[in-house]
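Visitor: Note that numbering that gives the first Met the number 0 has the sequence shown beginning at 0, numbered continuously upward.
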Amino acid sequence: MVLELLDPTKIPKHIAIIMDGNGRWAKKQGLMRVRGHEKGAKAIRQTVEVCGELGVENITLYAFSTENWNRPKLEVDTLMKLLVSSLKKELSTLQENNVSLKAIGRLDLLPEKAQKELSEVIELTKDNGKMNLTLALSYGSREELISVVKSVSSQVKEGTLDIDQIDTDVISKHLYTSYMPDVDLLIRTSGEQRISNFLLWQIAYAELYFTKVLWPDFRKEHLVEAIHNYQDRERRFGKTSEQL
Ligand code: FPP
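1. Can you list, in chain order, the residues of its chain whose CB lies under 7 Å from that of K112, leaving out five sequence neighbours each side?
2. Can you tell me whether DSSP reads L108 as helix, strand or coil?
3. The beta strand (DSSP E) with E206 in it runs from where to where?
4. Buried or exposed: I145, going by 16 or more other Cβ atoms within 10 Å of its Cβ?
5. Bridge partners for L134 per DSSP, in chain order?
6. Quick one: any contact between the region 163-179 and the region 234-242, if contact means 3 or more CB pairs under 8 Å?
7. With respect to the alpha helix (DSSP H) encompassing R187, which residues constitute its N-terminal and C-terminal limits?
8. Just to confirm before moving on: does the CB-CB distance between I14 and L198 stay below 8 Å?
9. What three-state label does DSSP hand I17 in the structure shown?
10. Does N97 come out as helix, strand or coil in the three-state DSSP assignment?
11. Inspect the CB distances between the region 146-154 and the region 66-74 and report whether three or more fall short of 8 Å.
12. Measure the Cβ-Cβ separation of Y229 and P7 and say whether it is below 8 Å.
13. Give the single residue among T210, I194, K211, F209 whose Cα lies nearest to the Cα of A203.
14. Under DSSP, the alpha helix (DSSP H) around Q154 begins and ends at which residues?
15. Use the C-beta contact count for I162: other C-beta atoms within 10 angstroms, 16 or more gives buried, fewer gives exposed.
16. Looking at C-alpha atoms only, which residue of R23, L100, C50 is the closest neighbour of E224?
See below:
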């Protein structure tokens with residue numbers, strides 16, 4: 000499958016990816032799990048490049064879930080170090096390609112060094128307009144939804160919002176992802192077919208694509224295949240084919 004075969008009028012505006020299978024990739028090679036994460040971090044670049052070429056405006060990557068804090072300390076520490084080194088390494092590429100880095104999740108729980116590096120890169124790239132590259136870090140969708148309930152109800156309590164005004168737009172505006180449209184295409188690698196507490200509200204009408212490829216092996220051709228598969232589907236948003 001080559002890029003040129005894709006329909007340029009049906010490019011997803013928002014692709015979200017559950018980058019799964021780093022540990023299994025490492026095990027298969029007889030390596031430590033952390034080597035899989037290093038390789039996984041490298042695989043991100045090709046995906047972002049292809050999305051740039053195609054004009055995908057938003058990519059959201061599940062890099063670290065709230066549940067991932069329960070992994071062995073060595074693995075958590077390595078992932079955090081990898082985050083810092085990747086941010087340092089990729090800043091110039093983000094600038095050259097007009098990509099704005101964003102992050103969603105309980106960022107306050109990240110080590111101070113990671114928080115600092117992250118906010119620096121976010122600030123330096125904030126005016127880049129070609130694409131939002133969002134890292135979900137210390138992220139959990141239920142926690143996000145709880146934060147929405149809290150902020151909406153405090154507005155109701157203060158009297159700045161009437162209960163009857165609460166609709167999907169109000170909820171969307173209170174989500175961590177308020178600056179983006181909902182997800183069009185959700186990809187999960189490694190053969191698992193689960194959502195794992197990722198963007199539960201935002202994937203309401205997303206097309207789901209599962210592939211057996213392990214994340215460190217995910218390349219341009221796999222992404223193009225996923226987008227091709229997405230373009231072949233009929234998105235009805237609850238309507239009939241005839242109504243579209
Ligand atoms: C899932 O593989 C992957 C993760 C939990 C982390 C994803 C991280 C990267 C791709 C590296 C980049 C990281 C940052 C922080 C920018 P797994 O470990 O669950 O694999 P397994 O299911 O095969 O064990």
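Even glycine gets a Cβ: it sits at the ideal position worked out from N, Cα and C.
Guide: A quick look at the data gives this:
1. Once the five neighbours on either side are set aside, the close Cβ partners of K112 are V83.
2. If DSSP states are grouped into helix, strand and coil, L108 belongs with the helices.
3. Residues 206-209.
4. Classification for I145: exposed.
5. L60, A102.
6. By the criterion of at least three beta-carbon pairs nearer than 8 Å, the region 163-179 is not in contact with the region 234-242.
7. R187 -> not in any alpha helix (DSSP H); beta strand (DSSP E) instead, spanning 184-187.
8. Going by C-beta atoms, I14 is not nearer than 8 Å to L198.
9. DSSP places I17 in strand when its eight states are reduced to three.
10. Residue state, collapsed to three classes: coil.
11. Cβ pair count under 8 Å is below three, so no.
12. No. Outside cutoff.
13. With distances taken between Cα atoms, A203 lies closest to I194.
14. Residues 140-157.
15. Exposed: under 16 other Cβ atoms inside 10 Å.
16. Proximity to E224 across R23, L100, C50 peaks at C50, based on C-alpha coordinates.
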